[in-house]
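**Student:**
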Ligand SMILES: Cc1cc2nc3c(=O)[nH]c(=O)nc-3n(C[C@H](O)[C@H](O)[C@H](O)COP(=O)(O)OP(=O)(O)OC[C@H]3O[C@@H](n4cnc5c(N)ncnc54)[C@H](O)[C@@H]3O)c2cc1C
């Protein structure tokens, strides 16, 4: 199962972010595709869809979990959005980060969008002047309380579990949290 990284636009290409898993059938098949290859798929099946737009929104992802969050954020900013949106993105090291310029451009276009990447295992030789640490801890450092927000999370189980803990401690209820774990 792979998440669309683009908002739903009938007739337009779909974008996927696939992490190649050594020996994995599905991910290696996806990564072996070449321009012009014919692919048959079905969907959508996920529950990651934009809910209430009339509030501040928090997005947290790690690794290829960026994919559905990108689709949601594209949908959010496709029409006017009057609140604040924060996207906390966790990667291990600088070389694991991607689409940084895409998100910086989105910040320039939308003053109410904030991209906060963090590295959890930075090679000291890599130049970096951003956040460091696990993304759940970074979100906790930015917000004492999450009341009034909705949160969308996507990434590996450890990221989901640690972020849920931080959100619950900050007063958010499960009915305001939507996530895909993979
Ligand atoms: C809701 C959800 C969303 C996900 N979104 C992403 C994402 O955006 N990016 C990402 O990197 N990972 C995503 N994953 C994880 C992904 O589905 C796989 O678990 C992961 O890629 C493991 O790699 P694998 O190579 O072992 O995949 P596999 O478990 O081998 O296969 C992954 C998918 O490909 C299908 N598949 C396998 N072989 C074939 C074949 N020969 N022909 C056709 N289909 C086949 C499987 O049915 C399965 O749906 C998501 C998981 C979930 C539950």
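In the numbering used here, the protein residues as written are 3 to 184. Even glycine gets a Cβ: it sits at the ideal position worked out from N, Cα and C.
Measure the beta-carbon distance from residue 92 to residue 154 and round it to whole angstroms, keeping in mind my assumption that it falls under 8 angstroms.
**Tutor:** That belief does not hold up - the Cβ atoms of residue 92 and residue 154 are roughly 14 angstroms apart, past 8 angstroms.
**Student:** Given 7 angstroms as the limit, tell me if residue 89 has its C-beta closer than that to any heavy atom belonging to ligand 1.
**Tutor:** No, the Cβ of residue 89 stays beyond 7 angstroms of every heavy atom of ligand 1.
**Student:** Would you tell me roughly how many angstroms separate the C-alpha atoms of residue 139 and residue 3, rounded to the nearest one?
**Tutor:** Taking the straight line from one Cα to the other gives about 29 angstroms.
**Student:** Count the other CB atoms, across all protein chains shown, that sit within 10 Å of the CB of residue 160; report buried if there are 16 or more and exposed otherwise.
**Tutor:** Classification of residue 160: exposed, given that the 10 Å Cβ count is below 16.
**Student:** Rounded to whole angstroms, what is the Cα-Cα separation between residue 16 and residue 70?
**Tutor:** Each residue's Cα considered, the two are about 12 angstroms apart.
**Student:** Per DSSP, which one or two residues make a beta bridge with residue 118?
**Tutor:** Answer is 90, bridged to residue 118.
**Student:** Taking contact to mean 3 or more Cβ pairs, one atom from each stretch, closer than 8 angstroms, check whether the segment 72-88 and the segment 5-22 are in contact.
**Tutor:** The segment 72-88, when compared against the segment 5-22, does touch it at the 8 angstroms Cβ threshold.
**Student:** Using a threshold of 7 angstroms, is the CB atom of residue 21 nearer than that to any non-hydrogen atom of ligand 1?
**Tutor:** Yes, Cβ of residue 21 sits closer than 7 angstroms to a heavy atom of ligand 1.
**Student:** Within this structure, are the beta carbons of residue 52 and residue 5 separated by less than 8 angstroms?
**Tutor:** No. Outside cutoff.
**Student:** Helix, strand or coil, according to DSSP, for residue 99 in the structure here?
**Tutor:** Note: residue 99 maps to coil in three-state DSSP.
**Student:** Helix, strand or coil, according to DSSP, for residue 127 in the structure here?
**Tutor:** In this structure, residue 127 counts as coil in the three-state DSSP scheme.
**Student:** Reducing DSSP to helix, strand and coil, say where residue 62 ends up.
**Tutor:** In this structure, residue 62 counts as strand in the three-state DSSP scheme.
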